[in-house]
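Residue numbers (our numbering), protein chains in the order written: chain A, 30 to 196; chain B, 35 to 553.
Ideal placement from N, C-alpha and C gives every residue a C-beta, glycine not left out.
All values derive from a computational prediction rather than experimental measurement.
This report refers to the structure that appears directly beneath it.
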């Protein structure tokens, strides 16, 4: 039985090696024993990890679980085995709004060539202005929001022509 | 939950009130009921002092805040109607009418919103109520950067070489070029970093002025911008002053607010690190001169920029309680909200200057919902877990509650963590340990980033300037976890999954080895 988890940019396997007398798991070849498991789910708690007390705070999710230990918060994603192999998605051709907000200034029009990092839109979110830039070199095919238009987080605000060889 | 706990600063403030230098023989403040025209942590903090003083509290709220701690903690509360919560809190006429209707005798504006709105101060006074702040004319004088600067210059407070605004962008650019580069463009009516930018070469000047002017027009309804010399590696030093309204003024020492991102402070401390005493005295004296000349009546903050060469220039005066006021309270033992109320009631200053003494060191961290690793973009989410550090020298100023949604409706500042220590090193160590204990999960915050700043060798050495965050961007980036820490995090995450727990505890051994698994 193995649970695949993603932390920072690596995928790690938590393998249950034994359940008695203590839970023993193998992670990346290292064996650990764990006692005092406590319940699943959210909250503060402490487990005994390799004989030492390990206090933690956690909100668990079948998507991203947030864990705070050693004075640091880390995000751990459960890797769904059925999703594995799916590509990184449509991110490369689209400019997404990082936050809900409104467009302050449109720098480029459809048909304009853009280079990576070049300003496409200036937006305003929570009283701060941010420039949204082209994610790569290419040609803009759509600017979906005009000055004053509002948008939600992750809404597509502009689109690049698909890169050659992407078809 | 933190907001239902007794105020954690009670220990220090109560102790401070027993300091013999601040005899409490004066008459009680004659307010029976004070309306707080604010929300969030500052409304909760003002309520605390009012309760201490036996004064009734009135909260105002927009319906999105109906369950907020500042409403729950008030003796009375009044709902404000408005399209958005921000609009409701900017509706001066409605707030004054609410105060009159519930029999409040004074209005405390907190910071932000209407706190530096001269028109609001006038409305309050015209309704026969006391505005806890200076009179409308003083707010107007200091609220306009240009008139404030001219006033400061006229009273012997150093100001930086600058170019005044004109409606003509070309003429402005030509004049500004004569100051030399780099220079700073600012909105005449500005604040909070809006309409502000650094220009390093003549070619970028016109566009920067255009953007600053349009931003200023949108935020402040006033597109005038001006330019001034830009001091490289500047420190932001500000002085807490108290004025009695008749020319009497004292200072409560300085604060250092040099660590900023997006032109907004994230870490403040008192006193400033490694500031020579003679220079400190000179800066504080300049601030007192300004407050006295303005016959300033309230707590206020005079902000300065300090160059590496020891030259300092007036930046602006904030005519209200400052976000970072607790660090001053912690080193002086003076409750600034109480001082504001006593001054507004005509009872004068809490103590003569020679009796104001600073002890130890205090650090404030602004806990913000934001992504430090992605340009400090504001983050949204919900407070799904809240763990608050405890300790006698810790103030966790907040109005958070478990489950609270963090939306784009308000400023990203969630709370302030304020910690005192015997000296700067001790205060830093204690703050680091408190940050480690602070857990806000469910919305991305800058908590871990703040810890990396505090623990940075340059911060510990007191080598501060306003570009600290960008200069040390690489060494402030999170370090990857080592293998042992990674394994600990992975185990704790795995045990959070119900299905993993089930497999660990319930399933007979053979089944546990069956392969594919889906949550």
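| Asked | Found |
| --- | --- |
| Residue 106/A beta carbon less than 7 Å from that of residue 89/A | no |
| Cβ separation of residue 261/B and residue 203/B, assumed to be a contact under 8 Å, to the nearest whole Å | 12 Å between Cβ atoms; not a contact. |
| Rounded C-alpha distance that separates residue 555/B from residue 180/A | With chain B covering only 35 through 553, there is no way to say anything about residue 555/B. |
| Sequence-distant residues of the same chain with beta carbon closer than 8 Å to residue 305/B, five excluded per side | 287, 288, 289, 290, 314, 365, 392 and 395 |
| Separation of residue 340/B from residue 269/B, as counted between CA atoms | 5 Å |
| Boundaries of the alpha helix (DSSP H) in which residue 364/B is found, first to last residue | 359 to 366 |
| C-beta atoms of residue 166/B and residue 438/B nearer than 7 Å | no |
| Any C-beta of chain B under 7 Å from that of residue 180/A | no |
| DSSP-derived helix/strand/coil call for residue 510/B | helix |
| Beta-carbon proximity check, residue 342/B vs residue 275/B, cutoff 7 Å | no |
| Buried or exposed (CB count within 10 angstroms, at least 16 for buried), residue 49/A | exposed |
| Residue from 79/A, 123/A and 149/A with nearest C-alpha to residue 134/A | 149/A |
| Where residue 137/A sits in the DSSP three-state scheme | coil |
| At least 3 beta-carbon pairs within less than 8 Å: the region 174 to 185 of chain B vs the region 469 to 477 of chain B | no |
| Partner residues on chain A for residue 419/B, Cβ-Cβ distance less than 9 Å | 71, 72, 73, 86, 87, 88, 95 and 97 |
| Rounded straight-line distance, which links the Cα of residue 81/B to that of residue 90/B | 9 Å |
| Buried versus exposed call for residue 73/A [16 or more other C-beta atoms within 10 Å across all chains shown] | exposed |
| Contact between the region 401 to 412 of chain B and the region 439 to 456 of chain B (3+ Cβ pairs under 8 Å) | yes |
| Contact belief for residue 182/A with residue 126/A at Cβ below 8 Å, rounded distance in angstroms | 6 Å |
| Short Cβ contact (7 Å threshold) for residue 318/B with residue 265/B | no |
| Residue 260/B (DSSP reduced to helix, strand or coil) | strand |
| DSSP state of residue 80/B mapped onto helix, strand, coil | helix |
| The region 451 to 466 of chain B in contact with the region 134 to 141 of chain B per 3-pair CB rule at 8 Å | no |
| Under 7 Å between C-beta atoms of residue 152/B and residue 170/B | yes |
| Same chain, Cβ closer than 7 Å to residue 79/A, five either side skipped, listed in chain order | 61 and 62 |
| Neighbour flag for residue 568/B against chain A, beta carbons, 7 Å | Outside the shown range of chain B (35 to 553) lies residue 568/B, about which nothing can therefore be said. |
| Partners in chain A for residue 534/B, counting only beta-carbon separations shorter than 7 Å | 32 |
| Which of helix, strand or coil DSSP assigns to residue 491/B | helix |
| Test: residue 117/A CB closer than 7 Å to a CB of chain B | For residue 117/A, the pLDDT reaches just 38, beneath the cut-off of 50, and the residue's location in the model is therefore unreliable, although a value from the coordinates is still provided. No, no contact with chain B. |
| The region 33 to 45 of chain A contacting the region 502 to 520 of chain B, beta-carbon criterion three pairs below 8 Å | yes |
| Sequence-distant residues of the same chain with beta carbon closer than 7 Å to residue 323/B, five excluded per side | 189, 190 and 191 |
| Presumed contact (8 Å Cβ cut-off) between residue 43/A and residue 524/B, rounded CB distance | 6 Å |
| Buried or exposed (CB count within 10 angstroms, at least 16 for buried), residue 164/B | buried |
| Limits of the alpha helix (DSSP H) - the one that residue 171/B falls within | 170 to 177 |
| Classification of residue 521/B by the beta-carbon crowding that lies within 10 angstroms, buried from 16 upward | buried |
| Cα-Cα separation between residue 64/A and residue 492/B, rounded to whole angstroms | 41 Å |
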